[in-house]
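Scroll down for the structure; my scribbles are underneath it.
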Amino acid sequence: MTTTTAPLLDVTGVTMRFGGLTAVNDVSLTVGEGEIIGLIGPNGAGKTTFFNCLTGLYVPTEGAVRYRGTVLPPKPHLVTQAGIARTFQNIRLFANMTVLENVLVGRHTRTREGIFSAILRLPRYHHAEAESREKAMELLAFTGLAHKADHLARNLPYGEQRKLEIARALASDPGLLLLDEPTAGMNPQETRAAEELVFAIRDQGVSVLVIEHDMRFIFNLCDRTAVLVQGQKIVEGDRATVQNDERVISAYLGAPLESTTPAAPEDTQ
Amino acid sequence: MTTRTETTPVIPLPATAATTLTGLGALAVAASAAMSWTWTSDFPGDLTYYGSPVGLQWLAVAAGVLTLALLLATLGTPGLRWAAPTRSNNAVLYAATGALAVAAYSVTSISTELGGLANLEPGGWVLAGGGLLGVLGALGLPLDRRTHVPLRILDKRLFLLLPAAPVGWIAAHAIPGDKPVAPVMTALSGALAIAAGAVLLLQLGHLANSQLRLGKVDRPLPAPRELPSWVEVLLIVAAFGVGSYAITFGIDTDYGELFIGYLLLIAFMIAALAGSGLLGRLRALTLKYRPVTTGAAFAAAASFPFQTGEQYASVATNILIFATVALGLNIVVGLAGLLDLGYVAFLGVGAYAAALVSGSPASPIHVQLPFWAAVIVGAAVSMVFGVVIGAPTLRLRGDYLAIVTLGFGEIFRITMQNLNGTTGPNVTNGSNGIPRIPELNILGFDFSQTHALGGIQIGRFGNYYLLMLLVTALVVLVFARVGNSRIGRAWIAIREDETAAEAMGINGFRLKLLAFALGACLAGVAGTVQAHVTYTVTPDQYTFADALPPNSAFLLAAVILGGMGTISGPLAGATLLFLIPKKLEFLSDYQLLVFGAALIVLMRVRPEGLIPNRRRQLEFHEADEPAPPAADDDTTALTKAGA
Ligand SMILES: Nc1ncnc2c1ncn2[C@@H]1O[C@H](COP(=O)(O)OP(=O)(O)O)[C@@H](O)[C@H]1O
Ligand SMILES: [Mg+2]
Numbered sequence: 001m002t003t004t005t006a007p008l009l010d011v012t013g014v015t016m017r018f019g020g021l022t023a024v025n026d027v028s029l030t031v032g033e034g035e036i037i038g039l040i041g042p043n044g045a046g047k048t049t050f051f052n053c054l055t056g057l058y059v060p061t062e063g064a065v066r067y068r069g070t071v072l073p074p075k076p077h078l079v080t081q082a083g084i085a086r087t088f089q090n091i092r093l094f095a096n097m098t099v100l101e102n103v104l105v106g107r108h109t110r111t112r113e114g115i116f117s118a119i120l121r122l123p124r125y126h127h128a129e130a131e132s133r134e135k136a137m138e139l140l141a142f143t144g145l146a147h148k149a150d151h152l153a154r155n156l157p158y159g160e161q162r163k164l165e166i167a168r169a170l171a172s173d174p175g176l177l178l179l180d181e182p183t184a185g186m187n188p189q190e191t192r193a194a195e196e197l198v199f200a201i202r203d204q205g206v207s208v209l210v211i212e213h214d215m216r217f218i219f220n221l222c223d224r225t226a227v228l229v230q231g232q233k234i235v236e237g238d239r240a241t242v243q244n245d246e247r248v249i250s251a252y253l254g255a256p257l258e259s260t261t262p263a264a265p266e267d268t269q
Numbered sequence: 001m002t003t004r005t006e007t008t009p010v011i012p013l014p015a016t017a018a019t020t021l022t023g024l025g026a027l028a029v030a031a032s033a034a035m036s037w038t039w040t041s042d043f044p045g046d047l048t049y050y051g052s053p054v055g056l057q058w059l060a061v062a063a064g065v066l067t068l069a070l071l072l073a074t075l076g077t078p079g080l081r082w083a084a085p086t087r088s089n090n091a092v093l094y095a096a097t098g099a100l101a102v103a104a105y106s107v108t109s110i111s112t113e114l115g116g117l118a119n120l121e122p123g124g125w126v127l128a129g130g131g132l133l134g135v136l137g138a139l140g141l142p143l144d145r146r147t148h149v150p151l152r153i154l155d156k157r158l159f160l161l162l163p164a165a166p167v168g169w170i171a172a173h174a175i176p177g178d179k180p181v182a183p184v185m186t187a188l189s190g191a192l193a194i195a196a197g198a199v200l201l202l203q204l205g206h207l208a209n210s211q212l213r214l215g216k217v218d219r220p221l222p223a224p225r226e227l228p229s230w231v232e233v234l235l236i237v238a239a240f241g242v243g244s245y246a247i248t249f250g251i252d253t254d255y256g257e258l259f260i261g262y263l264l265l266i267a268f269m270i271a272a273l274a275g276s277g278l279l280g281r282l283r284a285l286t287l288k289y290r291p292v293t294t295g296a297a298f299a300a301a302a303s304f305p306f307q308t309g310e311q312y313a314s315v316a317t318n319i320l321i322f323a324t325v326a327l328g329l330n331i332v333v334g335l336a337g338l339l340d341l342g343y344v345a346f347l348g349v350g351a352y353a354a355a356l357v358s359g360s361p362a363s364p365i366h367v368q369l370p371f372w373a374a375v376i377v378g379a380a381v382s383m384v385f386g387v388v389i390g391a392p393t394l395r396l397r398g399d400y401l402a403i404v405t406l407g408f409g410e411i412f413r414i415t416m417q418n419l420n421g422t423t424g425p426n427v428t429n430g431s432n433g434i435p436r437i438p439e440l441n442i443l444g445f446d447f448s449q450t451h452a453l454g455g456i457q458i459g460r461f462g463n464y465y466l467l468m469l470l471v472t473a474l475v476v477l478v479f480a481r482v483g484n485s486r487i488g489r490a491w492i493a494i495r496e497d498e499t500a501a502e503a504m505g506i507n508g509f510r511l512k513l514l515a516f517a518l519g520a521c522l523a524g525v526a527g528t529v530q531a532h533v534t535y536t537v538t539p540d541q542y543t544f545a546d547a548l549p550p551n552s553a554f555l556l557a558a559v560i561l562g563g564m565g566t567i568s569g570p571l572a573g574a575t576l577l578f579l580i581p582k583k584l585e586f587l588s589d590y591q592l593l594v595f596g597a598a599l600i601v602l603m604r605v606r607p608e609g610l611i612p613n614r615r616r617q618l619e620f621h622e623a624d625e626p627a628p629p630a631a632d633d634d635t636t637a638l639t640k641a642g643a
C-alpha cells in the first residue's frame, strides 16, 4: 500500500448536537495505517462524544465516517465488525464474567459458532472454541493478565481493569483501536506501562486513536495530536505545533477564548 | 474485606459441660420419638404410641441423630471424622437449632391445634426440653464468630407501629359490628398487627445477630484424603441416593404439619452440613466427575416413581413441568437478562398446539399427529409466537419489555377464551377448553396403562413423569451447552452491559430475539406433554398470577428464588414453590400469608438464590484482592442511561 491511498479512518465534518448543545462541531480527522493519534481537550470538550459518533453509539447530526474507504453504518456491532474497537472512559467490563470470558466476548465477531453448533458440539465446535480460548489467552498474556484469567472482572484492581478493557477490544482483531482516557486513575508507573502497551499494540499493526489528559503521555506516544475545545478542532499537528499554539495554551489555562468553557460534567461514557 | 473472626463460645461453659449438654439434648430429642407426644389421635399422624415413631417423630430422630453425629465428628471421633472436615462447632449449633426448631414446631402445633399445653404427653416435654438443652449446650461450644457485628436499628418511624397495633385493636373492637366501617377497621387492625409483628421480629433478629455474631464465617476446607476414583464415584452416587430419598420424603409428606417440620429440618441440616464442610467436599467431587454427577442426578430423578405411588407421581409430574418451564425462563431472564412477565403463555401455546393436533373430538382440526410430530408443531408454533412478540419489543430496553410481555400473556389467555364460536371463530372451544385429549401411545406403549417396569408397577402418572423427565433432560442439555458457548457468553454480556456488549460486536437485538425464541420453544415442548398429562387445556391454566403454579409470577419467582443463571437453581426453586402452597392448604385462610412470609424469609436469608451462580462462588478470590474501585460507580450508573 502506498502513502497516497485513502487513510484507514477518514472523518469528515462530523457534528453532533443534543438539542441546543453542539457537543461536536464540524470535526474532521484522519488516521493513517500504523499511526498513533492523540485527541486532547478540556473536560466537556466533546472528545467522548466524538468517539461515540465514530463507533455508532451516536448517529452524527452531520458528517460522515469512513473506514478503509467505506462509510460506516451507525450500529456499534457493525462498526466493530468492520474493524474498529474501543474502550470506555468509565470502565464498562462485564463485571460478573471472568477475565477470560470478557476477552472471549470480544471474539464474538470473529467467530461463527451458532446455537445448533453449541447444542450438537460437533468437532468443529470444539475446534473453534479451543482456538478462541487460545487467542484470548494470548491477549491476556500480552496485557499481563494471564494469571488472572479465572478471576471475576469486578475483582480486578483498577489498573488491571483498564488493561482488560484493552485486551477485550483487541480480541476483535481491530485495525483501529480507540482508547478513551486509558490512564485515568493510574499512578505514574502504571502510566509508563500503558505507554509501552500502546506501542506494542501499534507494533502489531493496529492504529490507535487515544484520548488523554496526561500531556507527557500524549506527546511521548503520538505521531500527531488534535485538540478539541468546545466541540471544535482548533489545531492538529506534532508536539511543537500543539504546544506552541496560543489557543491551546489559553484553553488549558482557562483564559477566555470566546466564551469560557462551561464546567461540564466529567464524562458521558 | 476479610472479616476478623474468633473462636469463642456464646455462653461461657466448661468445655465438657457444653459437650455433654449438647449430646444429652440431642439424645433426648431422638429418644422422645419412642414416647407418646400427645394423648389423642386427633393430631395428624397419630403420635400417641410408645415405641413406634411416626411422621414428625421420625424427623426428631433424624435431627437428634444428625446433631449427635456432627458433635462426635467435630470432636474427632474415629470413623466419623469424614462428616466434619472443617471441625467447626457451628455445624453442631446449626444441627442442634434444627432439632430445636422441629421440637418447638411440633410442640406448638400440637398445643395450638388441640387447645393447650395440657395435650402434651411426657414425650412432648422430653422433646422440647431436649431441643432447648441441645442449643444451650451448643452455644457453650467454641464457635467461629466474627469479632464485631454492629447492631442495626430499623428506621425509628417503624417503631411507631408497635403502640399503633394495640390502639388499632381496641378501636376495631370498640366499633359496633353493624357499622359499615367495622370490617374496614378489622382488616386495618389485622394489617397493623402483622406489620408490628414483622418489625418486632426483624429488630429481634438484628439484636440476635449482633450478639451471636455467627453470620458469614467460613473455615477453609482442608485438603481431602486421597481416595481411589471408584470410591469417589460411589460417594457421589450415595449422596444422590440420600438426596433423592430426602426429596421423595418431602413430596410424600401427607399432611402439612409434617411438611413444615420437614422443611425446618432440611433447612437447618443443609446449613449444618455446609458448616461442617461436607457439602464443600461433595461439591468438589461433583465438579471432578461431571458426567457421573449428571448421570446420578437423572438416575435419582428417574427412580422417583419406583419409590412411591401414583398420587405422588402426579405431584412430581406437575413439579417437573413447572421446573422445566422455569429452566426455560432462566435462559431469558437469567442468561439474557430479559424480564419476561408473560412466559407461561408459551407453555400455553405449546399445550394448545398439541391439543389441537391430538385428535381430541373437541378440536376443530380433525387430525391426530403422532406425538413426535405434535412436539415439533408445539415447539415451532411457540417459537413463532416468541419471534412475533419479540421482534417489535426487544428493540426496547428495560421495563418496556416487562410490560409488553405481561400484556402478551393476558392477550393470549383472553384470545383463547374468545376463539369459542360466539365471540370469534371456534378454534379453542373458549373457556371450556379442549377436553378429552387422548392418552399418548408411543410405539405401542400405552401411557394410560399400568406397566411393570423392573418388577415395579408404574401407573399413568409414573409413565408421564418419565416422559417429562426426558423433556427436562433435553432442556437441561440445551441450557448447559448453549449457556456455556459463544451465544451464552453473548447473552450474559448483554445482561451485564448491553452498550458494552454491542461495542464488542454483539448484535443485541438478534441475540435477545434468539434467547426469546429458544425460551419460547422449550416452554412449547413442555406444553405438548402437559396437554396430555392434564387431559384438558383451558385458558385459565395460563394466567399471570394465581395461588398455584405454574403461572408467570410463580415461574419468575422460581428462577429468582432458585438462583438466576443456574440449572439446579430453578429446578430447586420450582420444587419448593410447588410444594409449599400445596402442602400449606391446611392453613386455609393463612395459606397465602404464610407462603408470602416464607418467600420473604428465604430472600432475606439467601438473596442470591438457593443455589447461587458459579460466578458468585468465584467470590473466594475476593479475599486476596483489594476492594474493587468504588470511585467511578456513581458515574457508571449515570452513563448507562446516557449512552
Ligand atoms: N447523550 C447526551 N445528551 C446530552 N448531552 C450530552 C450527551 N453526551 C454528551 N453530552 C454533552 O456533550 C458535551 C461533551 O461531553 P463529552 O464528550 O463527554 O466531553 P469529554 O469527553 O471531552 O470530556 C458535554 O457538555 C456533555 O454534557
Ligand atoms: Mg470523556
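Residue numbers (UniProt numbering), protein chains in the order written: chain A, 1 to 269; chain B, 1 to 643. For glycine and all other residues, C-beta sits at the position ideal for the given N, C-alpha and C.
Length of the line joining the Cα atoms of residue i and residue j
i: B/Ala480; j: B/Ser36; result: 50 Å
i: A/Thr12; j: A/Thr61; result: 12 Å
i: A/Ile40; j: A/Thr191; result: 16 Å
i: A/Lys163; j: A/Gln89; result: 12 Å
i: B/Tyr255; j: B/Asp540; result: 28 Å
i: B/Ile389; j: B/Ile319; result: 27 Å
i: B/Ser189; j: B/Gly131; result: 35 Å
i: B/Asn330; j: A/Glu35; result: 46 Å
i: B/Gly565; j: B/Leu234; result: 29 Å
i: A/Arg224; j: A/Val235; result: 10 Å
i: B/Ala196; j: B/Gly433; result: 45 Å
i: B/Ala452; j: B/Leu470; result: 19 Å
i: B/Thr423; j: B/Gly527; result: 26 Å
heavy atom of ligand 2 below 8 Å from residue i C-beta
i: B/Gln203; result: no
i: B/Thr74; result: no
i: A/Ile211; result: yes
Same chain only: Cβ atoms within 7 Å of residue i, ignoring 5 sequence neighbours per side
i: A/Arg110; result: Ser172 and Asp173
i: B/Arg157; result: none
i: B/Pro581; result: Ala547, Leu548, Gln591 and Phe595
i: B/Val559; result: Ala326, Leu329, Asn330, Val333, Gly334, Pro570 and Gly573
i: A/Leu181; result: Note on residue identity: the sequence assigns Glu, not Leu, to residue 181 of chain A. Cβ neighbours of A/Glu181 beyond the five flanking positions: Gln89, Ile211, Glu212 and His213.
i: B/Ile611; result: Gly562, Gly563, Thr566, Ser568, Gly569 and Ala572
Close-in-space but distant-in-sequence residues of the same chain around residue i (CB under 6 Å, 5 per side omitted)
i: B/Gly277; result: Pro85, Thr86 and Leu221
i: A/Leu178; result: Phe51, Arg86 and Leu209
i: B/Phe461; result: Glu310, Ala313, Ser314 and Thr317
Close Cβ partners of residue i (< 8 Å) along its chain, the five nearest in sequence each way excluded
i: B/Ser588; result: none
i: A/Thr70; result: Ala82
Contact test: residue i Cβ vs ligand 1 heavy atom, cutoff 8 Å
i: A/Lys233; result: no
i: A/Leu228; result: yes
i: residue 270 of chain A; result: Because chain A spans 1 through 269 in this model, residue 270 of chain A falls outside it and cannot be assessed.
i: A/Pro74; result: no
i: B/Ala355; result: no
3-residue-minimum beta strand (DSSP E) runs that sit fully inside the region 36-77 of chain A, ordered along the chain: 36-40 and 62-67
Runs of alpha helix (DSSP H) lying entirely within the region 557-595 of chain B, each at least 4 residues, in chain order: As far as the region 557-595 of chain B is concerned, its whole alpha helix (DSSP H) runs of at least 4 residues are 568-583.
At least three beta-carbon pairs within less than 8 Å, the region 269-276 of chain B to the region 95-110 of chain B: yes
Whole runs of the beta strand (DSSP E) within the region 143-179 of chain B, excluding any shorter than 3 residues: Listed in chain order, the complete beta strand (DSSP E) runs (minimum 3 residues) inside the region 143-179 of chain B are 143-146.
Residues from the region 94-108 of chain A in contact with chain E, defined by Cβ distance under 9 Å: No chain E is present in this structure, whose protein chains are A and B.
Meets three-Cβ-pair contact criterion under 8 Å: the region 61-70 of chain B and the region 23-41 of chain B: yes
Touching by the beta-carbon criterion (3+ pairs, under 8 Å), the region 121-137 of chain B and the region 146-154 of chain B: no
Whole runs of the alpha helix (DSSP H) within the region 89-141 of chain B, excluding any shorter than 4 residues: Listed in chain order, the complete alpha helix (DSSP H) runs (minimum 4 residues) inside the region 89-141 of chain B are 89-114 and 122-139.
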